[in-house]
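Read left to right, the sequence shown gives residues 11 to 261 (the numbering used here).
Let me begin by presenting the structure, written as structure tokens, before commenting on it.
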Amino acid sequence: MTPTLRRALCALVLAAFAWPARADQVQVAVAANFAGAAQKIAAQFEHDTGHAVKLSVGATGKFYAQIEAGAPFDVLLAADQSTPARLVAEGQAVPATLRTYAVGRLVLWSADPALVDARGEVLKSGRWKHLSVADAKLAPYGQAARQTLAALGLTGAVQPRLVTAESIGQALQFVQSGNAELGFVALGQVQPPDGSRVPGSMWLVPDNLYAPIRQDAVVLAASKASHAATQFVDYLASDKARAVIQAYGYR
Numbered sequence: 011m012t013p014t015l016r017r018a019l020c021a022l023v024l025a026a027f028a029w030p031a032r033a034d035q036v037q038v039a040v041a042a043n044f045a046g047a048a049q050k051i052a053a054q055f056e057h058d059t060g061h062a063v064k065l066s067v068g069a070t071g072k073f074y075a076q077i078e079a080g081a082p083f084d085v086l087l088a089a090d091q092s093t094p095a096r097l098v099a100e101g102q103a104v105p106a107t108l109r110t111y112a113v114g115r116l117v118l119w120s121a122d123p124a125l126v127d128a129r130g131e132v133l134k135s136g137r138w139k140h141l142s143v144a145d146a147k148l149a150p151y152g153q154a155a156r157q158t159l160a161a162l163g164l165t166g167a168v169q170p171r172l173v174t175a176e177s178i179g180q181a182l183q184f185v186q187s188g189n190a191e192l193g194f195v196a197l198g199q200v201q202p203p204d205g206s207r208v209p210g211s212m213w214l215v216p217d218n219l220y221a222p223i224r225q226d227a228v229v230l231a232a233s234k235a236s237h238a239a240t241q242f243v244d245y246l247a248s249d250k251a252r253a254v255i256q257a258y259g260y261r
């Protein structure tokens, strides 16, 4: 055997041991606020493990209904803690895989770079016609937005001008499209991982105005790729994934 052939065979053997014996596809239902970070983490996970990841982005409440109806997801990355905990209590998720992967932060954002001030006083002004918020029944960031308005004593005053979105992703789209001048969205949606900001203006809502947005992940009991799914949830706690999560503005 020539030295060149020997080296080639050794490389093949090492590659076989480094790559998983069977690569699976992990179906991940991810809350809309975490979509950007999830895409980057999924790409890293695929590179490091050989498993494939398919992301479905939407509202946590809608994902719960779909899981109840038998949707073939392997992992839920929720925007809250209550939905994964409920799935565990119902026997539809694996208790040992339940963990908090991020703590979200709420911002008031406008595509107009001169509209939102550093204290959110614009909410009390007549400089806007529509405020976009996610549906509080479906999206935890919508709950946080409602809590913020209540804490500021503005619920009644702004109610006629609210535009309700299905998810936090749609809430952002309403502002980007001009259907609303303002919107309560997730910091992670308007803070790219390079430390810059999406053009516009924003107010980072103080944490004491809304309940902490702890976002939990869990592997679903009906998963057909449970080993790879568990690996993915574990991967969220890795140094690589945590760096991405922090870069997107999550705690």
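Ideal Cβ placement from N, Cα and C applies to all residues, glycine included.
Is DSSP giving residue i helix, strand or coil here?
| i | result |
| --- | --- |
| Q54 | helix |
| A69 | coil |
| R137 | coil |
| R207 | coil |
| D217 | helix |
| V98 | helix |
| L182 | helix |
| Q201 | coil |
| Y151 | helix |
| R224 | strand |
| F83 | coil |
| S142 | strand |
| Q157 | helix |
| R129 | coil |
| C20 | Only weak support is given to the placement of C20: the predicted model assigns it a pLDDT of 46, under 50, and the value that follows is read from those uncertain coordinates. Helix. |
When the Cα atoms are used, what is the spatial distance from residue i to residue j?
| i | j | result |
| --- | --- | --- |
| S236 | E100 | 18 Å |
| Y262 | Q91 | Because the chain spans 11 through 261 in this model, residue 262 falls outside it and cannot be assessed. |
| Q255 | S120 | Here the sequence assigns Ile to residue 255, which means Gln is not the residue at that position. Computed Cα separation, rounded: 23 Å. |
| Q225 | Y151 | 11 Å |
| Y192 | S135 | Reading off the sequence shown, one finds Leu at residue 192, where the question assumed Tyr. Taking the straight line from one Cα to the other gives about 12 Å. |
| D127 | P209 | 14 Å |
| L219 | G130 | 12 Å |
| N189 | A33 | 44 Å |
Among the residues of its own chain, which have a CB less than 7 Å from the CB of residue i, if the five just before and after it don't count?
| i | result |
| --- | --- |
| L159 | T165, V168 |
| A253 | none |
| Y258 | G46, A47, G198, Q201, P203 |
| P105 | V98 |
For residue i, which residues of its own chain have a beta-carbon under 6 Å away from its beta-carbon, when the five flanking residues on both sides are left out?
| i | result |
| --- | --- |
| Q180 | none |
Looking only at its chain, what residues have a beta carbon closer than 8 Å to the beta carbon of residue i, apart from the 5 residues adjacent to it on each side?
| i | result |
| --- | --- |
| R156 | V143, A146, T165 |
Should residue i and residue j be called a contact, given that it needs their Cβ atoms to be closer than 8 Å?
| i | j | result |
| --- | --- | --- |
| K64 | V38 | yes |
| G68 | S211 | no |
| P222 | V98 | no |
| T59 | V229 | no |
| Q35 | A231 | no |
What does residue i pair with, by DSSP beta-bridge criteria?
| i | result |
| --- | --- |
| R261 | According to DSSP, which records beta bridges pairwise, R261 is partnered with nothing at all. |
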